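Remarks on the structure that follows.
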Amino acid sequence: MRVRVAPSPTGDPHVGTAYIALFNKAFAEKHGGRFVLRIEDTDQKRSTAESEQAIFDSLRWLGLDWHEGPDVGGPYGPYRQSERTEIYRAHAQRLVDEGRAYHCFATAEELAEMRETALAEGRRTAYDRRYRDLPREEVERRLAAGESHVIRLKMPLGGSTRVKDGLRGGIDIDNAELDDQILLKSDGFPTYHLANVVDDHLMEITHVIRAEEWIPSTPKHVLLYEAFGWQAPVFIHLPLLRNKDKTKISKRKNPVSLEYYRTTGYLPEAMLNFLGRMGWSMPDEAEKFDYAQMVEHFDFGRMSLGGPIFDLDKLDWLNGMYIRELEPEALVARLQSWLLGSGYLAEVAPLVRERIKRLGDFVPSTTFFFGPFDALPPEQLLPKKVEQADAYKAMKSVTDAIDAVATWDEASIEATLREQVEVTGLKLRDLFMIVRLAVTGQKATPPLFESMAVIGKARCQYRLREATHALKP
RNA sequence: GUCCCCAUCGUCUAGAGGCCUAGGACGUCGCCCUUUCAAGGCGAUAACAUGGGUUCGAAUCCCAUUGGGGACGCCA
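Below, the structure is given as structure tokens:
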């Protein structure tokens, strides 16, 4: 029995990745199987090494380490898809040679037009297969001319495909609903669909345990397995974690970065316990259990399918319970590693060195580097002569811009915020004061950009969002 | 719009036809403990979406409706 978690290294390490990883790993360990980490970095534009490292760090923080993966190796490597492009190319070519796939030369404009037409006609599929039966000579000619193209799979034109889901039973989908999916992009990289199927087969993955959002594309995968003549793995789709309003969990409505939870001071074991309660329960309905107990009793039959809301209140309660059960020495150790470990104090101290007269001044002047605080009310957040509505709009823009910062350092933060001065039209001093109050809760602080760099992206995002929310007219 | 998934207290869930006048937990509200605040103890609040079947019997099975969610990318 072999399972995998396959995150894509774009952006911040996601709580959903940890959720899926937990269930994969628990299932594998229950049955003596192997848990594989595979990095799906087939999106050249968005994948970054930092993001990949953050995924490693966050999963390890939670104790969700893997038996095989890019950094630990294993007999089925490489485990990074960008290092396997030749494999995908060869497999795509094989399907073309067998007449199961074809070159498609549709341009972005053509596709946009097709999408519009399909939408107008109330159809789901957009691509109209116009290049599916191009004469061989023309294909050769266009290829020789170096025309940009992709490789698409020939989907069956009629009939239906049955997806067997381990939790839901059979799901039948009309093949008419299915596009001729793209296998190989014009940059020569595989799409998720191809890379995923090829790797799961080559890595001998027996159970694909992933999020529910994949259900609609699973028939494509089933058909791809068939095209290759391979046996498909067992598919198990887990419910999606939700925001308070029941939509799919998202950074705009909920802290989703595992970095946020780590830096805010959630204990990894509490976090894991909490994730284990999302859609799953112990036979005795225990609220508190550790990973080993979860593994011992793990059974997908105990899964409930309604999408669970990620409720911070309950997480807080659980985390508090774990803290209360720590022996004083153990708590001290935790505090020390959280507060002083990994050089955090060394980053904070220089920022206040010039500003404190007694060592004791350190504590009140640095609270926001450590603890959370409630967002200030609008009257304290607003500089003189700034309208709340304007501040609100500006902060929404700032928050989005901060979300998009790829490398979290002083220079990027500064560049982003200065740009926001232009975008929002607020005076520099006004905008920076709002941001300062949002991020630190105080008017007088060490330099803003450096402080934000030290506080970390995840907490800054959260605080900016909270302040924005407070400013909502 | 089209396709798919889902449906028990506000939230996380137990419940696999009679054990259910539906249990636990978080939250909320009381009371107790207490110099304060927590924690803790006790109690209260609150749900089987609706309508049809099937059955002696349905939260549990089937169908429809409604509601919610997801997908419809050369992103994963």
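Going letter by letter, the first sequence gives residues 80 to 552 in the numbering used here.
Positions of the beta carbon are idealized from the N, C-alpha and C atoms, including for glycine.
Since the structure is predicted, the reported quantities are computational estimates derived from the model, not experimental observations.
Tell me which same chain residues have a C-beta within less than 8 Å of the C-beta of residue i, skipping the five on either side of it?
i, result
"Gly-142", "Pro-347, Glu-348, Leu-351 and Tyr-370"
"Thr-164", "Gly-267, Phe-268 and Pro-269"
"Leu-174", "Ala-180, Ile-230, Leu-232, Leu-262, Ala-306 and Phe-307"
"Leu-236", "Asn-254 and Ala-255"
"Asn-322", "Ile-328, Ser-329, Lys-332, Asn-333, Ile-388 and Phe-389"
"Thr-204", "Ala-197, Ala-255, Glu-256, Leu-257 and Asp-258"
"Gln-467", "Pro-457, Leu-461, Leu-550 and Pro-552"
"Ser-130", "Pro-88, Thr-89, Gly-90, Asp-91 and Pro-92"
Can you list, in chain order, the residues of its chain whose CB lies under 6 Å from that of residue i, leaving out five sequence neighbours each side?
i, result
"Pro-149", "Ile-118, Tyr-158 and Arg-159"
"Ala-105", "Met-373, Val-374 and Phe-377"
"Glu-283", "Arg-81"
"Met-512", "Pro-462"
"Ser-137", "Pro-92 and Leu-337"
"Phe-528", "Glu-489, Ile-492 and Glu-493"
"Ser-87", "Glu-119"
"Arg-202", "none"
"Thr-121", "Gln-160, Phe-268, Pro-269 and Ala-274"
"Gly-238", "Asn-254"
Is it true that the CB of residue j sits closer than 9 Å to the CB of residue i?
i, j, result
"Lys-536", "Trp-487", "yes"
"Leu-461", "Ala-454", "no"
"Thr-547", "Thr-478", "yes"
"His-93", "Leu-337", "yes"
"Val-115", "Arg-83", "yes"
"Ala-549", "Pro-429", "no"
"Thr-343", "Phe-447", "no"
"Leu-320", "Tyr-167", "no"
"Phe-135", "Ile-288", "no"
"Arg-209", "His-182", "no"
"Ser-161", "Gln-132", "no"
"Thr-591", "Ala-473", "No answer is possible for residue 591: the residues shown for the chain start at 80 and end at 552."
"Ala-485", "Ser-491", "yes"
"Arg-413", "Leu-419", "no"
"Ser-265", "His-316", "no"
"Gln-499", "Ala-517", "no"
"Arg-394", "Phe-353", "In the sequence as displayed, the identity of residue 394 is Leu instead of Arg. In this structure, Phe-353 lies closer than 9 Å to Leu-394 by Cβ."
"Tyr-155", "Leu-281", "yes"
"Tyr-401", "Arg-538", "no"
"Leu-505", "Val-442", "no"
"Ala-85", "Asp-278", "yes"
"Leu-240", "Val-335", "This sequence places Thr at residue 240; Leu is not what is there. Contact: no."
"Leu-397", "Glu-366", "yes"
"Glu-216", "Phe-184", "no"
"Gly-355", "Phe-368", "yes"
"Gly-386", "Pro-318", "yes"
Among the options, whose alpha-carbon lies nearest the alpha-carbon of residue i?
i, options, result
"Thr-326", "Ala-223, Ile-388 and Gly-358", "Ile-388"
"Arg-434", "Leu-418, Glu-458, Leu-510 and Ala-523", "Ala-523"
"Gln-172", "Leu-273, Asn-103 and Glu-216", "Leu-273"
"Asp-482", "Phe-441, Gly-450, Pro-443 and Arg-542", "Arg-542"
"Val-276", "Trp-145, Pro-312 and Lys-264", "Pro-312"
"Tyr-345", "Leu-505, Gly-450 and Leu-510", "Gly-450"
"Asp-244", "Phe-314, Arg-497, Glu-216 and Ala-191", "Phe-314"
"Val-242", "Lys-299, Gly-355, Gly-439 and Arg-113", "Lys-299"
"Gly-575", "Thr-121, Asp-120 and Trp-145", "Residue 575 is absent from the model: the chain starts at 80 and stops at 552."
"Glu-545", "Val-514, Gly-238 and Arg-497", "Val-514"
"Trp-309", "Leu-190, Ala-409 and Thr-285", "Thr-285"
"Ala-100", "Ala-199, Ala-191, Ala-290 and Arg-215", "Ala-290"
"Leu-424", "Pro-407, Arg-437, Tyr-271 and Ile-534", "Ile-534"
If I measure Cβ to Cβ from residue i and keep anything under 7 Å in the same chain, skipping five residues before and after, which residues do I get?
i, result
"Phe-382", "It is Met, not Phe, that sits at residue 382 in the sequence shown. So the list reads Leu-246, Gly-358 and Trp-359, once near-sequence residues are dropped."
"Glu-177", "none"
"Arg-125", "Thr-89"
"Asp-259", "Tyr-206, Arg-208, Arg-211, Arg-231, Leu-232, Lys-233 and Met-234"
"Thr-445", "Val-427 and Val-431"
Any 3 or more C-beta pairs closer than 8 Å across the stretch 234 to 252 and the stretch 290 to 297: yes
Within the stretch 281 to 316, note down every full alpha helix (DSSP H) run reaching 4 residues or more, in order along the chain. 297 to 307
Minimum length 3: unbroken beta strand (DSSP E) runs contained in the stretch 311 to 357: 313 to 317
Ranges of the beta strand (DSSP E) found wholly within the stretch 110 to 154, counting only runs of at least 3: 113 to 116
Which runs of the alpha helix (DSSP H) spanning at least 4 residues fall entirely within the stretch 436 to 469, listed in chain order? Entirely contained in the stretch 436 to 469, the alpha helix (DSSP H) runs reaching 4 residues are, in chain order, 441 to 444, 446 to 449 and 457 to 460.
Ordered list of beta strand (DSSP E) runs contained in the stretch 204 to 273, each at least 3 residues: 229 to 232, 239 to 244, 248 to 253 and 261 to 263
Run through the stretch 492 to 528 for me and flag every whole alpha helix (DSSP H) of 4 or more residues, listed as ranges in chain order. 507 to 519
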